[in-house]
Each structure stands twice: as C-alpha cells, then as structure tokens.
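Residue numbers (the UniProt record's numbering): 1 to 81.
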C-alpha cells in the first residue's frame, strides 16, 4: 500500500515557516482540488495521479520518496508466504 505523507509535510512546513499552512493554501498554490488533497491525506491506499504527486513535490520542494511511502500490506505478505 502507498501512504501519502501530506499531513507530515504540512506540519514540517508550518514549523519551518513559523505559521499555519491550510489545505486551502496548498490547494490554491498547487492547483490541486481540496477534495483531492483531503482524500490523499485521509484515505488509506488512495490512488493518485503522477500530476498530483509532481505538484506536491514542487510545492514542498521534496522528492517523491518524501511525499509517499510504501507500506507492505500484512494480508498480501501472509498470502505470499
């Protein structure tokens, strides 16, 4: 499963800049709809386009590894054993 680190990235940006960063601001600056950001942030295994990932990387000035991470699905691992 792929897990997006959007909440962590927002928290890091808030700390670095010493101010609150809202989903509305991220949406406005990236052109990503707020609903999409909410889904990326809250839904486990949300499937996103590379365009969304690219925009998040550019906004937060990070690599794809910092936007998303792979977490093995325990059910899948059990089936493979």
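We put the beta carbon where it would ideally sit given N, CA and C, even for glycine.
Under the three-state reduction of DSSP output, residue 59 falls in the helix class. By the Cβ criterion, the stretch 2–16 is in contact with the stretch 27–46, since at least three pairs of Cβ atoms, one from each stretch, lie closer than 8 Å. For residue 24, the CB contacts under 8 Å within the same chain, skipping 5 residues up- and downstream, are 34 in chain order.
In this structure, DSSP gives residue 2 an extended state, which the three-state scheme calls strand. Per the C-alpha coordinates, the member of 3, 21, 75 and 1 positioned closest to residue 59 is 21.
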